[in-house]
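To keep things clear, I will list the structure first and then write my remarks on it.
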Amino acid sequence: MSDLPDPDYPGSMRVLTHAELISALAAEGLIVGILPTLDCKFTRIVTDHRVVKPGDLFVAIQGTQFDGHTKIADALASGAESVMSEKPFPTQHLESSKIVQVKDTRLALAIASAAFQQFPTRVLEVIGVTGTSGKTTTTLLIDSILGASGRKTGVIGTIEIRVGERVLNATHTTPGPIELQAILRTMKDEGCDSVIMEVSSHALKQHRVSGIAFDVVGFLNLSPEHLDFHPDMQDYLFSKRMLFQDEWIRSERLSGTTPSGVIAVNGEEGQRLYDSLDPKIQSHCKTVKLPQDLQVSGDGIHGTFSGVAIQSPLMGSFNAENISVAVAIAQALGVDSKLIAQTLNADVSVAGRLEKIADPSGGRRILVDYAHKPDALEKVLSMLKNMLGPDERLITVFGCGGDRDPTKRPLMGAIAERLSDVVVITSDNPRSEDPLKIIEAIRSGLKFPDQVMIEADRKRAIEKAISIANRGDFVLIAGKGHETYQILGPVTVPFDDREIAREFVQQG
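So for the sequence shown, numbering that gives the first Met the number 0 puts the first residue at 0; every next one is plus one.
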């Protein structure tokens with residue numbers, strides 16, 4: 000695995016002139032007031048005043064915990080060539096002539112970062128997928144299809160950032176704009192034709208993707224999540240809608256071409272999203288539903304998706320929704336229907352998404368899944384419950400992450416209790432919170448809290464669940480999926496649910 004490209008020097012020294020910066024900002028109508036007349040070049044864009052050095056463009060960001068505007072004077076004292084600010088700067092200050100005042104520094108940062116990398120997405124074919132659940136699977140399905148069509152692809156998402164076959168370290172579902180544009184420039188320089196990326200609501204609301212020219216965008220679904228970040232579901236939907244409205248219009252302006260859209264309308268939120276769009280944008284969007292001939296079983300998913308007959312080994316109706324969006328996006332990109340079917344009918348596996356752990360001697364059906372939200376947990380447990388035979392049980396191991404929306408903890412406890420035969424509540428990534436308090440919050444949603452098993456040590460919890468399982472039982476290890484670490488307070492330690500399960504099975 001490689002490190003991410005240096006956002007300042009990904010390959011060769013790059014510079015952005017003051018004139019180029021102003022031109023890019025003016026095109027977005029971001030500039031406020033009188034412009035400074037500067038003849039300078041920027042060798043870096045930074046948002047941390049502590050790392051500023053001569054040649055830098057410092058962008059002052061107002062955050063929830065800290066306001067970068069309070070450190071503008073420090074950045075100038077450290078040699079910043081210029082500063083972008085949302086707030087007026089005292090004109091009596093000796094360096095006031097270096098301030099570029101803009102309407103929104105987060106948006107300006109995204110545009111400046113794209114300009115610094117010479118707008119790589121004007122050349123790349125970019126597909127963005129948003130939704131509460133299924134983004135990772137859908138992007139990897141699209142990646143498989145486009146790869147089969149002969150395109151060299153790049154992927155930006157939760158599991159990995161990949162340039163062709165080279166995997167980079169990922170830190171967020173959608174990186175920040177400085178890092179993101181450096182990645183996109185690297186993908187362009189290394190000959191990628193297409194980039195498939197997950198687009199989170201955080202990224203949209205914080206303008207991380209605002210310098211990207213999207214060619215196709217897709218919406219999967221919306222269910223309660225990230226309500227520690229969004230004040231309500233309306234704000235959550237509005238943030239997702241930005242991909243089909245604000246970023247759509249901006250993509251047209253950046254590339255000169257009109258994007259296409261695919262919106263799953265299996266739930267009311269998808270229809271609400273479509274109905275809220277400008278009619279001109281609607282005319283370039285296709286709505287998709289689950290096929291009428293859909294069959295979902297332990298053998299996979301069978302059905303006709305946008306006219307393409309699919310027999311996929313993936314399990315669950317939620318994956319049928321992912322397939323429906325992936326097929327429609329591939330069609331929008333001109334991929335032949337036969338190739339789409341051939342690719343999706345093969346065994347396309349996604350790390351940490353219903354990933355099977357072999358148990359040849361015990362016959363237990365052990366699965367590791369990323370389900371860490373109430374809706375996702377309910378979907379996967381409902382599917383597995385319907386696949387149980389006589390005398391077979393569903394054993395669920397899960398916890399909830401710390402420093403995240405606490406309202407989902409009792410909800411997930413209630414879902415696990417209702418749909419599982421045995422529940423083992425454990426720790427996830429507690430972060431700064433007390434793991435036992437998180438567990439108690441989960442237990443508060445149970446009807447019969449004394450009937451579940453509690454084991455705060457996640458490794459022991461996984462081993463306990465597997466050890467009590469009989470042949471034919473399902474053991475679902477939920478919450479962390481592909482993750483290879485656990486966050487315990489200020490420390491991040493190596494931890495992989497899949498490896499823990501494999502090692503225990505191999506020990507007999």
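For each residue, glycine too, the CB sits at the ideal point set by N, CA and C.
Bear in mind the structure is a predicted one, so any value in this text is a computation, not a measurement.
- The Cβ neighbour count for V125, taken over all protein chains shown within 10 Å, is at least 16; the residue is labelled buried.
- The beta carbons of E268 and L236 sit about 6 Å from each other, so the pair counts as a contact at 8 Å.
- Cβ neighbours of S238 within its own chain (closer than 7 Å, five residues either side excluded): S200, L203, K204, H229.
- When the alpha-carbon of S336 is set against those of V367, T129, S282, L145, the nearest one is in L145.
- For P290, same chain residues with a beta-carbon under 7 Å away, outside a window of 5 residues either side, are G302, T303, F304 in chain order.
- Nearest in C-alpha terms to S132, of all of C284, S296, G266, P35, is G266.
- Contact between G480 and R271 does not hold, since the beta-carbon distance rounds to 29 Å and is not under 8 Å.
- Per DSSP, the continuous alpha helix (DSSP H) segment holding P409 begins and ends at 407 to 418.
- Across the structure, L221 and A415 are spaced so that their CA atoms are roughly 21 Å apart.
- Following the DSSP letters along the chain, one finds F218 inside the beta strand (DSSP E) bounded by residues 215 to 218.
- Taken through DSSP and simplified to helix, strand or coil, Y484 comes out as strand.
- If you draw a straight line from the Cα of S193 to the Cα of V14, it comes to about 25 Å.
- DSSP assignment within the stretch 71 to 136 yields the following whole beta strand (DSSP E) runs of 3 residues or more, N-terminal first: 81 to 84, 98 to 100, 124 to 129.
- Its Cα nearest to that of I356, the residue I365 stands out among I365, S348, K40.
- Beta-bridge pairing by DSSP links L203 to no other residue.
- In this structure, the alpha-carbon of E159 lies about 20 Å from that of T120.
- At the C-beta level, L338 and I322 stay beyond 8 Å of one another.
- Judged by DSSP in its simplified three-state form, M452 adopts strand.
- The beta carbon of P87 sits closer than 7 Å to those of Q100, all from its chain and outside the five residues before and after it, given in chain order.
- Taking the Cβ atoms as the reference, A76 lies roughly 12 Å from D55, outside the contact range of under 8 Å.
- The Cβ atoms of L106 and L34 do not sit closer than 8 Å to each other.
- DSSP, reduced to helix, strand and coil, places L15 within a strand of the structure shown.
- The straight-line gap separating the alpha-carbon atoms of T152 and L183 is approximately 11 Å.
- Here A331 carries a helix assignment [DSSP, helix/strand/coil].
- Using a C-beta cut-off of 8 Å, the stretch 106 to 116 makes contact with the stretch 55 to 74, since at least three inter-stretch Cβ pairs fall below that distance.
- Look at K372 here: in three-state DSSP terms it is coil, with no helix or strand label.
- Where S250 is concerned, the enclosing alpha helix (DSSP H) starts and stops at 245 to 254.
- Judged by beta-carbon spacing, V423 lies beyond the 8 Å limit of E462, meaning their Cβ atoms are not closer than that value.
- Beta bridge pairing from DSSP links C191 with no other residue.
- Residues of the same chain with a CB within less than 7 Å of the CB of V122, apart from the 5 flanking positions on each side, are K187 in chain order.
- Counting along the chain, R457 sits inside the alpha helix (DSSP H) bounded by residues 457 to 466.
- A distance below 8 Å separates the beta carbons of E197 and K134.
- G299 is positioned such that its CB atom lies closer than 8 Å to that of S311.
- The closest CA to that of T425, considering only G67, A460, Q294, I155, is found on A460.
- Rounded to whole angstroms, the separation of the alpha carbons of L139 and R161 is 11 Å.
- If you compare the alpha carbons of R442, G388, K378, E164 with that of C399, the shortest gap goes to R442.
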